[in-house]
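Residue numbers (our numbering), protein chains in the order written: chain H, 29 to 337; chain A, 2 to 251.
Yeah, the Cβ is synthetic: ideal placement off N, Cα and C, and Gly gets one too.
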């Protein structure tokens, strides 16, 4: 048995989600190799080689892989992956984009967004916005799996010295082209990596009012999130969305402000260690999952909270 | 140019589903069903492409039981010109669905195929990308803006941390994200008209596709319940609890 883990990176840094996928790969068992496909991505391959559980790093460095275009990456991953029993990736927007394409090229099913490995064929995954957990078993010769970013603790970044092997083959399908990217630059931690998150919902009332959360976020070094309702209303950009169709998070502390607690939102944050809800409606469903609930007007409570931190 | 829109019949987004006591699945008896919300966005985008003069025909297609005709009629009322159902009562999974849709695409020859980015029941987020692989088409997933010109699509995509813009050659697959558009409501006259629009039914055998899944669902369980905690009266009390009881802030 051998597992190929596809690295998530931006040609500079190896993303922590990769180390979560590696933890799942370890749970599957067998030899674990990492594929780094990028351009000018030697630092990523070097970072991957330092991870203790990695047997070897396959490094495909070519302009065709520079922007992680799904057509080119999938062709490469399918080509290399056919020599493995398992192909594992992150369930980020990156993995979600190319991995089903890999599975179809290999003519096998994909098992998406797993939260636990039961054995090498059997996995658990949430369905219906996390309202049910399915245990599924694959009979395919190659198991193609994406791993939820909160499924496992990431394996340590250091402790290994795996060999880096260059992969020469370039899959340039020419089907798509990269035009540009707007990555939000923020001094705050990323939502999926933050220890503390403060999120606002429809109750925030406006995009301007969302700034109220910044003072608390600054004091706690927290990331700022939003419910789908707040994104829909134009209060916050979509990359801040926490929930079934946004990001899945599990920080140590999640503070939900003016969020009613629709099941789609709960799906994205209910694995947080401690949940705080601040809402003026005492019947809001968010209080059913909150460890600490405060029935209060957020426009009074949030500035007060900021002052006390 | 034709636009093909695969749609899925799912539990209505407002229904809180319950796991069946025997652990075989979720209880769907007498539950309100609807067009998957992301598929609705896909239909809306296709209809807008037709209204803008880019597309000439919008074809909605679904794979599943006979009851999926209800959702296809909804799509027809929203502006699709005709519909196709690949009818099967068997359990189906994304790869099989993608194969059935490829067979439909081989008949239809659409230039743009617009999927929802995921269905809110299985939450797989696979079918569009698998279809793209099987047909050799490029894919622009999680789209928040689509513009067509010179035989190409320029698509703004929602990615972790921001937006990415890609250009894809036609024919191409697009999967919709939330902010792509706001779907319209079907008007009563359009609902009436939809009843007369053509809806063709095929069996998987007609299309020569095998939909047998390779993934078996062993059991379905409710998630671990999270108990409600306590209510605090003041912000001071909250901060005190977070510091000294939960110990999550300094």
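According to the DSSP assignment, residue 224(A) belongs to no alpha helix (DSSP H), since it is labelled neither H nor E. The beta carbon of residue 47(H) sits closer than 6 Å to the beta carbons of 182, 183 from its chain, once the five residues preceding and following it are set aside; these are given in chain order. At a cut-off of 8 Å, the C-beta of residue 140(H) has a neighbouring C-beta in chain A. Look at residue 263(H) here: in three-state DSSP terms it is coil, with no helix or strand label. Counting along the chain, residue 65(H) sits inside the beta strand (DSSP E) bounded by residues 59-66.
Residues 184 of the same chain have their beta carbon placed closer than 7 Å to that of residue 41(A), with the five preceding and five following residues left out of the count.
With 16 or more other Cβ atoms inside 10 Å of its own Cβ, residue 291(H) counts as buried. Closer than 8 Å to the CB of residue 217(A) there is at least one CB belonging to chain H. When only Cα atoms are considered, residue 136(A) and residue 251(A) end up about 55 Å apart. Assigned with DSSP and collapsed to three states, residue 245(A) falls in helix. Less than 8 Å divides the Cβ of residue 93(A) from the Cβ of residue 212(A).
The Cβ of residue 31(A) sits no closer than 8 Å to any Cβ of chain H.
Beta-bridge pairing by DSSP links residue 114(H) to 31(H), 171(H). In the DSSP assignment, residue 315(H) falls outside any alpha helix (DSSP H), carrying neither H nor E. Within chain A, the C-beta atoms nearer than 9 Å to that of residue 160(H) come from 18, 19, 20, 26, 27, 221, 222, 223, 224, in chain order. Between residue 110(H) and residue 134(H), the beta carbon gap of about 6 Å places them in contact (Cβ cut-off 8 Å). Classified as exposed, residue 199(A) has fewer than 16 neighbouring CB atoms from the shown chains inside 10 Å of its CB.
For residue 210(H), the enclosing beta strand (DSSP E) stretches over residues 204-211. When CB distances to chain A are screened at a threshold of 8 Å, the residues of the segment 154-179 of chain H falling below it are 154, 155, 156, 157, 158, 159, 160, 161, 162, 163, 164, 165, 166, 167, 168, in chain order. With respect to the 8 Å criterion, residue 317(H) and residue 229(A) are classified as neighbours on the basis of their beta carbons.
Listed in chain order, the non-local C-beta contacts of residue 99(H) below 7 Å within the same chain comprise 201, 203, 204, local neighbours out to five positions each way being set aside. Exclusion of the five residues before and after residue 178(A) leaves 118, 143, 144, 145, 159 as the residues of its chain whose Cβ lies within less than 7 Å of its Cβ. Look at residue 246(H) here: in three-state DSSP terms it is helix. Under the criterion of beta carbons closer than 8 Å, residue 249(A) and residue 281(H) qualify as touching, at roughly 4 Å.
Note that the segment 93-105 of chain A touches the segment 119-136 of chain A; at least 3 beta-carbon pairs, one per stretch, sit closer than 8 Å. Between the alpha carbons of residue 116(H) and residue 173(H) lies a gap of roughly 5 Å.
No residue range can be given for residue 221(H), since it is assigned to no alpha helix (DSSP H) and is classified by DSSP as neither H nor E.
Taking all protein chains in view, the Cβ of residue 25(A) is surrounded by fewer than 16 other Cβ atoms within 10 Å, so the residue is classified as exposed.
The beta-carbon of residue 37(A) is placed no less than 8 Å from the nearest beta-carbon of chain H. Secondary structure of residue 129(H) (DSSP, three-state): helix. By the Cβ-count criterion, residue 156(H) is buried, with 16 or more other Cβ atoms from all chains shown falling within 10 Å of its own Cβ. Residue-level contact check: residue 237(A) touches chain H, since one or more beta carbons of chain H fall below 8 Å from its beta carbon.
At least 8 Å separates the CB of residue 75(A) from every CB of chain H. Interface flag for residue 246(H) against chain A is unset, since no Cβ pair is found closer than 8 Å. Here residue 204(A) is exposed, its C-beta having fewer than 16 other C-beta atoms within 10 Å. DSSP lists 165(H) as the beta-bridge partner residues of residue 217(A).
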